[in-house]
Amino acid sequence: MNLIEKGTKYCTSLTEYKRRETISVNIGDLWMGSQYPIRIQSMTTIDTMDTIGSVEQTLRMVESGCELVRITAPSVKEAQNLENIRKELRNRGCNVPLVADIHFTPNAAELAARLVEKVRINPGNYADKKRFETIDYTESSYQAELERIRDKFVPLIKICKEYGTAMRIGTNHGSLSDRILSRYGDTPLGMVESALEFLRICEDENYFNIVLSMKASNTQVMVEAYRLLCKKLDEEGLKPYPLHLGVTEAGEGEDGRIKSAVGIGTLLEDGLGDTVRVSLTEDPEFEAPVAKSLIDRYTHRAESTTVIPAWKPANTELSEAFDSPINPFQHFRRATNEVAVFGGHNVPRVIADYSQVGINEHDDLKPIGHFYLPATDKWAMNDLGADFVYTGQRPSTFMLPMGLKEIVDYKIWLEKNCPENLFPMISFEEISDNVKTHNSLNFIAVNIDNLKPELISSLSSLRDAVLIISTNNTHGMPALRRFFFELISQEIKLPVVIWRQYDAMSTSDFQLFSATDLGGLLVDGLGDGAILSVPQNTPASEFQGLAKIYNSTAFGILQAARTRMSKTEYISCPSCGRTLFDLQETTAMIRKRTDHLKGVKIGIMGCIVNGPGEMADADYGYVGIGKDKIALYRGQQVVKKSVHADRAVDELIELIKEDGVWFEPAQSAELADML
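Here the UniProt record's numbering is used: the first residue of the sequence shown is 1, the next is one more, and so on.
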């Protein structure tokens with residue numbers, strides 16, 4: 001099926017910040033939609049039957065910034081106890097709307113809809129049982145399945161209408177039904193159709209108090225699904241419902257924040273999203289501040305940004321200059337020439353910026369993953385070793401290790417008689433017909449803010465060049481995206497490195513903002529490398545610490561955008577009342593034993609609901625199925641059942657060894673001490 005046969009429009013503008021216009025939805029006394037601020041929410045992790053524990057945690061969440069609180073209701077007894085939780089909250093003066101999280105139990109949803117302000121259903125398992133079967137449907141048999149779904153779903157709709165209860169139809173990539181997978185495959189289109197089947201029934205019943213979501217742990221899939229959803233709603237003449245944004249099983253710490261920002265921030269940049277939940281493997285009160293940081297960046301974006309001229313394909317007479325030269329619903333990497341180790345089929349590269357301080361001692365390179373070992377007089381590199389270092393006008397005072405190449409300013413390169421082991425950074429203004437260049441690799445620095453489209457064509461004559469592009473525009477990601485569109489339109493295939501520098505801010509905000517700005521381009525296949533510069537005028541005593549964070553963040557963004565795998569990835573759920581073990585402790589334990597397995601993806605799920613489905617993108621899975629009982633998965637297939645928790649991590653490692661994926665950490669004791 002051609003997803004772009006009717007164009008690529010999915011948001012109001014690709015270049016000017018504008019919220020997508022939606023209908024308004026009420027969740028109790030809280031209103032949601034484009035006429036209201038983007039709302040913050042999270043989910044409790046306490047057993048729903050623990051009334052006081054749930055209440056106390058909810059109060060902490062509200063204090064941290066949550067405007068809605070979701071609570072799991074896996075069965076009727078938990079759904080019934082939502083009434084006690086709600087009453088106790090109201091007695092304590094807390095009127096936060098509650099959302100019942102429902103998966104396999106329509107009767108629990110029908111009860112909860114009478115007790116709380118909103119219910120969330122997952123269309124992949126509300127009316128279907130997942131057996132991982134491929135089924136060959138005829139058109140009539142498929143329609144019969146839709147009628148079966150209608151019969152199960154309409155009672156809930158009627159209750160929601162009667163009680164004024166809102167509903168989220170929340171598709172999860174990992175829990176698509178066998179029926180959807182058989183017809184549409186494991187695709188963003190399948191995710192969208194899964195939700196639309198239920199939404200069409202709602203509209204037939206004149207029920208519209210609905211929020212939609214398309215969540216996945218794979219950021220590319222997640223972004224593509226939300227975009228496609230907006231397009232399909234418009235094409236079918238369905239109402240523009242508010243969107244709940246979230247990346248499922250984002251993980252913990254730095255990785256969880258970066259991955260969340262790549263997915264959520266990319267959509268916020270385009271004006272999509274009306275409520276945000278950041279899913280971290282941490283206590284839920286730590287999620288709301290992260291969501292708030294993401295959201296606050298857009299509160300005054302429309303007033304503070306420089307409007308970018310709308311992009312229009314060359315030689316067209318489009319009245320609305322929207323259509324993109326890329327497919328926003330499917331990931332394809334921009335076609336580029338291969339220049340040294342950039343572009344072509346090379347992974348995106350990381351360039352560390354040391355132009356503020358230079359490189360004077362061996363230890364200066366430790367923050368960017370390169371370690372000198374005096375005992376052996378050799379260099380070692382970890383999985384986050386930068387590929388290049390830019391020293392500007394302060395070239396290194398010693399020969400760098402083989403795994404690290406140096407870039408200097410053009411004038412310095414000329415002064416040193418154009419050596420082969422240094423590469424020049426040439427400003428766009430320095431380019432001329434007689435400019436002297438390196439014979440294999442040159443970096444051309446371009447600030448796109450003042451570069452007119454007609455001047456871009458001059459880049460086509462460059463050879464052996466990699467563009468380094470930057471912008472000062474507040475609406476930076478779309479400004480950079482528009483530049484890529486011009487390159488594509490003019491068939492300029494030079495590799496491009498994205499260069500971002502921010503004012504001094506907290507580490508968390510830096511990771512969120514940079515992951516949004518770079519990740520939003522990378523998920524669309526735009527970009528062949530990244531530079532994240534430490535803020536100007538950073539004291540020398542602080543530079544090394546920040547350099548390590550910025551280098552790690554660059555690699556984290558590339559991994560979260562699925563463009564370069566440099567470390568083990570943990571797809572761990574954020575915990576909820578269904579969780580059967582301590583997720584934070586278990587994740588830390590598994591990470592300690594496996595974090596050297598570069599590129600391996602391990603899913604860590606607290607219960608069977610967030611089990612084989614939600615870790616669809618993982619190579620191996622560790623899933624709680626009962627008290628002290630763990631099931632181990634290879635992909636989505638269970639291979640070891642009811643393993644006692646005391647042995648489960650060892651058994652997981654044995655499984656990895658059986659597949660020939662395991663290897664022992666091979667670092668020297670000296671390097672281990674340095675790390």
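Built from N, CA and C at the ideal position, the CB exists for glycine as well. In this text the structure is predicted, and so the values were computed from the model without any measurement.
- Per DSSP, the beta-bridge partners of Arg168 are Arg120, Val211.
- For Tyr550, the uninterrupted alpha helix (DSSP H) run begins and ends at 540-560, by DSSP.
- In the DSSP assignment, Ser42 is bridged to Val69.
- Closest by C-alpha distance to Ile38, out of Ala540, Arg92, Arg20, Gly53, is Arg20.
- Taking the C-beta atoms as reference points, Ala166 is found no nearer than 9 Å to Ile23.
- Per the coordinates, the alpha-carbon of Lys87 lies some 41 Å from the alpha-carbon of Ala560.
- For Gln143, DSSP assigns no beta-bridge partner whatsoever.
- About 4 Å separates the Cβ atoms of Thr219 and Gly263, confirming a contact at the 8 Å cut-off.
- Contact between the stretch 113-133 and the stretch 171-188 is established, with three or more Cβ pairs separated by less than 8 Å.
- In this structure, DSSP gives Lys77 a helical state, which the three-state scheme calls helix.
- For Lys231, the enclosing alpha helix (DSSP H) stretches over residues 219-236.
- Contiguous beta strand (DSSP E) elements confined to the stretch 319-387 occur at 349-353, 370-373, 378-381, taking only those with 3 or more residues.
- Distance from the CA of Glu162 to the CA of Leu156, rounded to the nearest whole angstrom, comes to 10 Å.
- The DSSP-derived three-state label of Leu655 is helix.
- The stretch 595-602 makes no contact with the stretch 628-639: fewer than 3 CB pairs, one atom from each, lie closer than 8 Å.
- Going by DSSP, Pro478 is part of the alpha helix (DSSP H) stretching over 476-489.
- When the alpha-carbon of Lys231 is set against those of Thr8, Ser506, Thr516, the nearest one is in Thr8.
- Assignment of Phe443 by DSSP, reduced to helix, strand and coil, places it in the strand class.
- Partner residues in the beta bridge of Gln501, as assigned by DSSP, are Ser533.
- Per DSSP, Glu282 lies in no alpha helix (DSSP H) segment and is marked neither H nor E.
- Around the beta carbon of Asn209, 16 or more other beta carbons lie within 10 angstroms, which makes this residue buried.
- Per DSSP, reduced to three states, the secondary structure at Lys161 is helical.
- Secondary structure at Phe423: strand, using DSSP grouped into helix, strand and coil.
- Taken through DSSP and simplified to helix, strand or coil, Glu569 comes out as strand.
- Here Val55 carries a helix assignment [DSSP, helix/strand/coil].
- When secondary structure is reduced to three states using DSSP, Ser514 falls in the helix class.
- Per DSSP, reduced to three states, the secondary structure at His300 is coil, with no helix or strand assignment.
- C-alpha of Leu487 to C-alpha of Ile604: approximately 41 Å in a straight line.
- Only residues of its own chain outside the window of five on either side were considered, and among them Glu285 have a CB closer than 7 Å to the CB of Arg60, listed in chain order.
- Rounded to the nearest whole angstrom, the CA to CA distance from Thr471 to Ile308 is 11 Å.
- By a beta-carbon distance limit of 8 Å, Pro348 contacts Thr563. Their separation comes to about 5 Å.
- Following the DSSP letters along the chain, one finds Asn107 inside the alpha helix (DSSP H) bounded by residues 106-112.
- Of the candidates Ala108, Lys129, Glu117, Glu117 places its Cα closest to the Cα of Asn95.
- The three-state secondary structure of Asn450, taken from DSSP, is helix.
- Ile407 carries a strand assignment under DSSP once its states are collapsed to helix, strand and coil.
- Annotation for Ile201: no beta strand (DSSP E) segment contains it, though the alpha helix (DSSP H) segment containing it runs 188-204.
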